[in-house]
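Everything below concerns the one structure shown next.
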Amino acid sequence: MARGTTMTMSFSSLPQTLICIAFLFFSPPPVTAAQYDVVSLGAKADGKSDSSKAFLSAWSSACASSGPATINVPSGSFYIKSAAFVGPCKSSSITFKMGGTLVAPSDYSEIGSSENWIIFRHVSGLNVVGGVLDGQGSGLWECKASGKSCPKGATNLEFSNSENILVSGLSSVNSQMFHIVVNGCQNVKLQGVKVSASGTSPNTDGIHISQSQGVTVLNSKIGTGDDCVSIGPGASNLWIENVACGPGHGISIGSLGKDSQEDGVQNVTVTTATFTGTQNGVRIKSWAKPSTGFARNILFQHAVMNNVQNPIIINQNYCTDDDDCPHESSGVRISDVTYQDIHGTSATEVAVKFDCSSEYPCTGITMEDVKLTYGNRVAEASCENAGGTASGAVQPSSCL
Ligand SMILES: *[C@@H]1O[C@H](CO)[C@@H](O)[C@H](O)[C@H]1NC(C)=O
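Counting with mature numbering (1 follows the signal peptide of the UniProt record, and there is no 0), you get residues -33 to -1, 1 to 367 for the letters of the sequence shown.
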């Protein structure tokens, strides 16, 4: 309400006017956030001077603020060798306003053996807005492709043991390893995130979520060399909506059951996703050995497949290492998985594949309105130890 309009306001809106005026007088004054600018703290936007110290000093001040605090990163390119932003903080509302690009060392020997490039730990109440994280991972990918022995590589951005995190409009490019990891967290929302790396880059998962509850991924575009989104043990109450995936290995729950004692995954919704030229669409995978793990109460809904090799797949004989695969039956119990309104094209004849554990068959698989084609014909489905029901139009016809 503009104040100037009160004079000409009609009588009938008087009660509303009073409420407005009361609100003007009694709402608390806006709290202005303390501001910290990385450049005034010594960061250089030249893409080569190590600005880690300036970023860390902005963080310590913001973290120690008694009220909300904002860290400003202006446009330009800032070289960061590595940075751990650690709490707990006094401030429960820190905003990282990123106008520019953070650039990692291009020589993988610098951080390739540490797990992380940029990490937030033990933080509660963080808002990361905008920005580009450039992991410069291609040197490490080439090393891995050459068969030499190489370090495992660093994750571009991790949130660890933290809560109440909002990330919006961030881009992560060319990470050495995983792009964004959420581990041991509660109440995390990632929206408008972009991930991009070569379709042949190894282990460059887009967003990996494990040991966390209440994680939302919204309106994001992910193209990379491994899973677009991967969901590990101990993840529950996840909501993944409007993700475009490709290139990549799809949206995967797993791999599960690598450890004999392992937490399960439950209550995961993946809704409105598009997969283009990916290795998988929606996937659940587990290792073929005993484990306490499980995946239950999973909904895959409203997905479009464009030329996807395995649009719908459960693989309980998952193995990456050719020499060292276990050949037992998986202990991971998979139940109550629903596929609803999934259509499009498969790049292979078998568009629906349920390869479940012989010891713990999949139960409660539901298929509703699934239509997948291969070339000009209906694709095929294959079932191993899988039980459930199909309803609506389901093509290929169900083998449950
Ligand atoms: C399942 O997860 C959603 C968030 O995706 C949450 O709103 C809902 O409460 C959870 N359901 C249960 C039973 O925990």
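The C-beta atom is built at its ideal place from N, Cα and C for all residues, glycine as well.
Neighbourhood of residue i by C-beta distance below 6 Å, restricted to the same chain and skipping five residues each side
i	result
S365	M334, A357
Y327	R300
P55	H89
I220	I198, V232, I251, A262
L205	V182, V235
H60	Reading off the sequence, residue 60 comes out as Ser, not His. Closer than 6 Å at Cβ, skipping near neighbours: P35, G92.
S203	Q180, Q233, N234
V271	T241, G311
G151	S127, N128, Q178
D193	N170, T171, D172, H216
Classification of residue i by the beta-carbon crowding that lies within 10 angstroms, buried from 16 upward
i	result
H294	exposed
T167	exposed
S7	exposed
G9	exposed
S129	buried
C292	exposed
E109	exposed
E125	buried
S58	buried
N123	buried
D13	exposed
E229	buried
G213	buried
G120	buried
T(-2)	exposed
T287	exposed
N343	exposed
G114	exposed
residue 368	Not covered by the structure: residue 368. The range shown for the chain is -33 to 367.
D226	exposed
A255	buried
A164	buried
S76	exposed
Local conformation of residue i per DSSP, three classes
i	result
E326	coil
A21	helix
E335	strand
E295	coil
G(-30)	Residue placement at G(-30) is poorly supported in this model, since its pLDDT is 38, which falls under 50; the coordinates still yield a value, given next. Looking at G(-30) - three-state DSSP - the assignment turns out to be helix.
L137	coil
C366	coil
S28	helix
S(-22)	Because S(-22) sits at a pLDDT of 47, beneath the cut-off of 50, its placement in the model cannot be relied upon, and the following sentence gives the value as read from the coordinates. Here S(-22) sits in helix by DSSP.
E125	strand
C56	coil
S105	helix
A112	helix
A357	strand
residue 371	This structure cannot speak to residue 371, because the chain is shown only from -33 to 367.
V70	strand
Q158	strand
T241	strand
T315	coil
V210	strand
I9	Checking the displayed sequence, the identity of residue 9 turns out to be Gly instead of Ile. Correct three-state label for G9: coil.
A50	strand
D303	strand
I176	strand
N131	strand
Contact test: residue i Cβ vs ligand 1 heavy atom, cutoff 7 Å
i	result
N234	yes
L205	yes
Cβ of residue i within 8 Å of any chain B Cβ
i	result
C366	No chain B is part of this structure, which consists of one protein chain only.
Residues bridged to residue i [DSSP beta-bridge criterion]
i	result
C350	F321
F145	In the DSSP output, where bridge partners are listed per residue, F145 has none listed.
G190	S163
Q233	S203, R263
W254	Y285
L223	S253
G97	M65
V182	V155, L205
D4	N39
Q268	T238, Q307
7 Å CB neighbourhood of residue i in its chain, flanking five on each side removed
i	result
S32	A1, K57, S58
C350	F321, C366, L367
A21	V5, L8, G9, A10
M144	K119, G120, A121, T122, N170, T171
Cβ shell of residue i (< 8 Å), same chain only, five flanking positions each side left out
i	result
P363	A318, V319, L339, V345, A346, E347, A348
G(-30)	Only weak support exists for where G(-30) lies, its pLDDT of 38 falling under 50; the coordinates are left without a value.
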